[in-house]
Structure formats: C-alpha cells, structure tokens
Amino acid sequence: MIIWFSGTGNSEWVAEQLASALGERMVSVAEALTAGGDMHLTLHDGERLGFVFPTYSWGPPPVVTEFVEKMQITGTPSSCFMVTTCGDDIGLSVPIMEKALSRRGFTLLSAHSVQMPNNYINMKGFDVDSDAVRTAKLKAAPARVAQVAQDIAARKAVVDVVTGRFAWVKSKVIRPWFLKNAMSDKKFVVDTDACTHCGACVKNCPMHNITLTDGTPHWNGRCAMCLSCLHRCPARAIQYAKATTTKGRYFFKKLEVR
Numbered sequence: 525m526i527i528w529f530s531g532t533g534n535s536e537w538v539a540e541q542l543a544s545a546l547g548e549r550m551v552s553v554a555e556a557l558t559a560g561g562d563m564h565l566t567l568h569d570g571e572r573l574g575f576v577f578p579t580y581s582w583g584p585p586p587v588v589t590e591f592v593e594k595m596q597i598t599g600t601p602s603s604c605f606m607v608t609t610c611g612d613d614i615g616l617s618v619p620i621m622e623k624a625l626s627r628r629g630f631t632l633l634s635a636h637s638v639q640m641p642n643n644y645i646n647m648k649g650f651d652v653d654s655d656a657v658r659t660a661k662l663k664a665a666p667a668r669v670a671q672v673a674q675d676i677a678a679r680k681a682v683v684d685v686v687t688g689r690f691a692w693v694k695s696k697v698i699r700p701w702f703l704k705n706a707m708s709d710k711k712f713v714v715d716t717d718a719c720t721h722c723g724a725c726v727k728n729c730p731m732h733n734i735t736l737t738d739g740t741p742h743w744n745g746r747c748a749m750c751l752s753c754l755h756r757c758p759a760r761a762i763q764y765a766k767a768t769t770t771k772g773r774y775f776f777k778k779l780e781v782r
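If you count the sequence shown from 1, you need to add 524 to reach our numbering.
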C-alpha cells in the first residue's frame, strides 16, 4: 500500500511508478481526508506500508502528518518506507516522519528523496527552475525512482536522502514559522479580467477547497498549500498576493519524462 499526496503531480508520478514496480495499490491522502474519505485501511499479508509526498518547507506536508495521526490500520506491514520529492533538499523530513509514525506504532525501514522540478514560488527568492534545470531533473527521475523501487523491494534499511545544509535551522526554525504564517489561503487573489471561469482550479484542488461564486474562485480554509490551482490555471489568473505575478509556472507532464 502506497499512501500518497501530491499537488502539481511530481509525487503522484513517483507514487505511480513505485506502485507499478512493487505491485502495490495507491491510497490518496487528500481523498481520505476530505468528505467521504475512509481512514480505515486493511493491509494484506506481506503488504508494505509506504508514504510518498512532497517536501513542504523541509518537512512533510501537514496533511500527510494529519493522515498519519488519524489513519486506522488493520494488519502488520512487511516493511514501512517513505519517499519524498523535493526541489533541492529535504532537511529533517525523515526524523519528523519517523516521530509521527512511531506514535502510531510503525517504524520506518527506509527513506528516500527524489529531486523533481521546484514549484514553490510564494516567497521572495523562490521561483520555478530554469528550463535546463527542469529538464535535467526530469531526465534523471526515472532511473532514480527505479533505484528506489529496487531498494524497497530488497528491504534495504537505508536513509538515502539529500538532507542539505543547515537542516536543523530549516526544519526547526523556518518550518514552524512557515506552518504558522505561510499556509493561509486568504492571500490567493484572482484577476477577474483574466479569469475565464473554466473551473480548472476547482477540478485540480486535491482538497476540494475551491468553489466558484458567480464564476470566480473562492478558497474555503482547507488549503494544503500545494499550489495546484495557481500552477494549473491556464489563464494565469490566480496569484498569491503579489509574490507570484512575475514568476513561472510548473506542473508535471508525463510527456516531459524520458
């Protein structure tokens, strides 16, 4: 079983590749946490318990740790692993996830990180990757994920991640500030002249947090800050305050992976 969360598609693609290589089924964090979701999961004999998710401010997305807190697992996994995607590095994501899982009685056997194109653009100094960097990351991704799958299949007890410099500061100082001050959906704004009222933002929000009022998107306080709405808007009508107006957009396209 691979429990996954994704906004712009990087982690969803990684989860799909791992599920195919390992013969595991996929369970969506977002669907489980939103209306009608089922938090009760049953592991089959010999089934693994894996988590695939992006890195948010050098840690797991809050919706992922919320899922771990609320999930009700029947059965014992043959192994437990995590794979996190990142633009560059993951800080202390592994011990953060280890702590969350240990509270529920699970122990990580392995942890891996996979570099994918960056999509966080809400602050000064953050933007999407250049075309060359994006292309290089996507070119390297299939081989990297294949190696991760081999390690998981072989039950290797390994922490194969890019922690990065100043990991403690990033995860213990910057991350708490980020979670407190940079997760609000109240700063999303819509250029009503540019908006075509197509509803793509509603369709692509994994948390079902966006509704249209008189054709204009409104956010309803259950945002995961995945930025799917912003990056996938075909009219570039969605911004986050004034921070994103001049920045690029990115979401995963399978055709770009070779």
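Heads up, the beta-carbon is just placed ideally off N, CA and C, and yes, glycines get one too.
Alpha helix (DSSP H) segments (min. 4 residues) lying fully within the stretch 554 to 634:
Whole alpha helix (DSSP H) segments, 4+ residues: 586 to 594, 617 to 626.
Where DSSP assigns a beta bridge to Y764, which residues make up the other side?
F712
Minimum C-alpha distance to A806 - residue among D738, V672, A759:
Within the shown structure, residues of the chain are numbered from 525 to 782, placing residue 806 beyond reach of any answer.
L633 versus I620: straight-line alpha-carbon distance, rounded
14 Å
Tell me whether the stretch 706 to 719 and the stretch 635 to 642 touch, counting them as touching only if at least three CB pairs, one residue from each stretch, are closer than 8 Å.
no
Sort out for me which residues DSSP pairs T769 with in a bridge.
The partner list for T769 (beta bridge, DSSP) is empty, contrary to what the question assumes.
Return the bridge partner residues of L736 from the DSSP annotation.
P741
Residues in the same chain with beta-carbon distance under 7 Å from W743, minus the five sequence neighbours each way, listed in chain order, please.
D709, F712, N733, I734
Three CB pairs or more closer than 8 Å across the stretch 552 to 561 and the stretch 652 to 666:
no
Which residue wins for smallest C-alpha separation from R627, given the options F591, G615, V657, T608?
Distances from the alpha-carbon of R627 to those of F591, G615, V657, T608 put F591 closest.
Quick check: the Cα distance between P741 and C753, rounded to an integer number of angstroms?
The straight-line gap from Cα to Cα measures roughly 10 Å.
Residue span of the alpha helix (DSSP H) that contains S535, given as start and end
534 to 546
Where the alpha helix (DSSP H) through V551 begins and ends:
It is not in any alpha helix (DSSP H) - V551 instead sits in the beta strand (DSSP E) that spans 550 to 552.
Beta-carbon separation of S695 and G599 under 8 Å?
G599 sits away from S695, with the two beta carbons spaced by 8 Å or more.
Is it a yes or a no for the stretch 579 to 587 touching the stretch 690 to 705, going by three-plus beta-carbon pairs under 8 Å?
yes
Under 8 Å, with one C-beta from each stretch per pair, do the stretch 763 to 779 and the stretch 525 to 538 reach the 3-pair mark?
yes
Is it buried or exposed for L751, if we count other Cβ within 10 angstroms and need 16 for buried?
When all chains shown are included, L751 counts as buried.
Considering only their Cβ atoms, is the gap separating I597 from L567 smaller than 8 Å?
yes
Which listed residue (N728, D675, A681) has its alpha carbon closest to that of C757:
N728
Under three-state DSSP, which class holds S831?
An answer regarding residue 831 cannot be provided, because it is not within the stretch 525 to 782 covered by the chain.
Taking the straight line between their C-alpha atoms, what separation do you get for I676 and G574?
C-alpha separation (whole angstroms): 9 Å.
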